[in-house]
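Position 206, counted from 1, in the sequence shown is what the UniProt record's numbering calls 206; the numbers after and before it change by one each time, with no gaps.
The beta-carbon is built from N, C-alpha and C at its ideal position, and this holds for glycine as well.
The structure presented is a predicted model; accordingly, all values stated were derived computationally and were not measured.
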Amino acid sequence: MENRSNGGFQPSEKIVYLDNAATTPCAPEALAVVVEALSGACGNPSSHYSIGYEAKEILDRARAQVAAAIHASPAEIFFTGCGSEADNWAVKGSALTKARQNKRHLITSAFEHHAVLHSMRALERMGFEVTYLPVSPEGYVRPEDLEAAIRPDTALVSIMMANNEIGTIQPIKELAEIAHKHGVWFHTDAVQAVGAIPVDVQELGVDLLSMSAHKFNGPKGVGALYCRKGVWPQNLIDGGGQESRHRAGTENVAGIAGMGAALELAVSHLEERMAHETQLRDYVIDRVLSSIPEARLNGGRAPRLPGNVNLSFPGLEGETILLDLDMHGICASTGSACNSDSLDPSHVLQSIGVPEEIGHGSMRFTFGPQNTMEEAKYLCDVLEEVIPRRRAMSCMWLQGQNTARQFSRKGEK
């Protein structure tokens, strides 16, 4: 893996993929199901003849697989084009449904994915009122803050199950109980959680839950929304009678088949996968914090997604580190891939109090089941060479070391 010449690292011929929070490689088992569906079941699943019935059977099987993975009923699973569509449907559809009961107040957190935040902004332009709950410095929504924010006209609470940038896992069960105590629907964006940690909708008590296939080694372009029986957000897409007349459009049969297969595979090896990714995560966190001065972990250590490492390297720009890592064959990110074209500091890091000049030097490394300890060690080797070298050339580092030291690796100011 390591390739040294003249005392420095040279570009690696092997790609080390450490951006699994952005997307994951499609599992061979899921890919095989996709190819089989594309090659065989060419009928429309709404058509009443044999090859249409064959396509419908593929949909039914995948729906049952997805439902079983989160302990739901197949009738509560509705396929979408992606996780963002599922979030939009849950948030906007619930708001429009509840508006008929004169409930026009919504609650979310300050560090949600933009699919939720931008849906909330759109609803504000339509006259809805939104409360954005603060987040603790460790990256958690406090139940007492939700309790204080709920009003008689609250229609929906939407809190993500696990943050996509810093990996902190939220107390969803407790938050949902608070919402239900006041008769309020509860939605969770579980795109980063499903397939990565145990998700049981019965245990969590949520009304709506979003997921996306490409986050758990399924194909891109397909997601799903769980709607608890009796909870019906207004349709987002109108047209035909697909998905029990709740989401129009001819179904992506092959993609849905791949989603079902991938999720079934993910949950069948979940404990093993979690243990493996946790080992890699903790190795990188412990080694970087001990070997690179003023490096800081963003978000609490626990509860945290098994594969998530989010670190700040004060004095540097994340984009610079990203380019250096790419030269060494390492794929990572400076935050959410959905906002990668923006140079603005991460709203997630801002929400937990990370100063802007430090937030700009943050990197996210996310492990998957295919990653190895050799790759984790290689990442640390490269960081231990790149960060000091870049800092030696950085005016930001020379001028800002006091700020970095005040904002220590433990997050204490």
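- Close CB contacts of L325 within its chain, under the 6 Å cut and outside five residues either way in sequence, are with A332 (chain order).
- For L156, the uninterrupted beta strand (DSSP E) segment begins and ends at 154-158.
- Residue nearest to I285 within the set G299, R273, M274 is G299 (criterion: CA-CA distance).
- Inter-segment contact for the segment 258-274 and the segment 120-127 is absent: fewer than three beta-carbon pairs are separated by less than 8 Å.
- The beta carbon of F186 sits closer than 6 Å to the beta carbons of V157, A176, A179, V206, D207 from its chain, once the five residues preceding and following it are set aside; these are given in chain order.
- Under the three-state reduction of DSSP, V194 is assigned to strand.
- About 4 Å separates the beta carbon of E165 from that of V348, a gap short enough to meet the 8 Å contact definition.
- Boundaries of the beta strand (DSSP E) around A224: 223-227.
- Residue state for S312 is assigned as strand, using DSSP reduced to three classes.
- Check the Cα spacing between A190 and each of V184, T168, K181, E375: the tightest is with T168.
- Per the coordinates, the alpha-carbon of H105 lies some 34 Å from the alpha-carbon of L263.
- Around the beta-carbon of G239, fewer than 16 other beta-carbon atoms lie within 10 Å, marking it exposed.
- Setting aside the 5 residues that flank it on each side, F216 is surrounded in the same chain by T24, V194, G195, A196, A262, L263, A266, each with a C-beta closer than 8 Å to its C-beta; the list follows chain order.
- Boundaries cannot be given for S46, as no beta strand (DSSP E) includes it and DSSP labels it neither H nor E.
- The Cβ neighbour count for P345, taken over all protein chains shown within 10 Å, is at least 16; the residue is labelled buried.
- DSSP places R364 in the strand class (E or B) of the three-state scheme.
- For Y378, the enclosing alpha helix (DSSP H) stretches over residues 373-392.
- Only residues of its own chain outside the window of five on either side were considered, and among them E85, N88, W89, K92, G93, R247 have a CB closer than 8 Å to the CB of L236, listed in chain order.
- Using a Cβ-Cβ distance cut-off of 8 Å, the segment 369-377 and the segment 272-283 are in contact, since at least three pairs of beta carbons, one from each stretch, lie closer than that value.
- For D87, the enclosing alpha helix (DSSP H) covers residues 83-99.
- Shown here, Y140 sits in coil according to DSSP, grouped into three states, outside any helix or strand.
- Taking C-beta atoms as the reference points, A110 and P134 count as a pair closer than 7 Å.
- Where V284 is concerned, there is no enclosing beta strand (DSSP E), although the alpha helix (DSSP H) around it starts and stops at 270-291.
- Contact check between the segment 217-231 and the segment 71-80: three or more CB pairs, one atom from each, fall below 8 Å, which counts as touching.
- A162 is bridged by DSSP to I169.
- Across the structure, I358 and S119 are spaced so that their CA atoms are roughly 29 Å apart.
- For H114, no beta strand (DSSP E) encloses it; the enclosing alpha helix (DSSP H) starts and ends at 114-125.
- In its chain, beyond the 5 residues on either side, M161, T188, L204 have a beta carbon closer than 6 Å to the beta carbon of I172.
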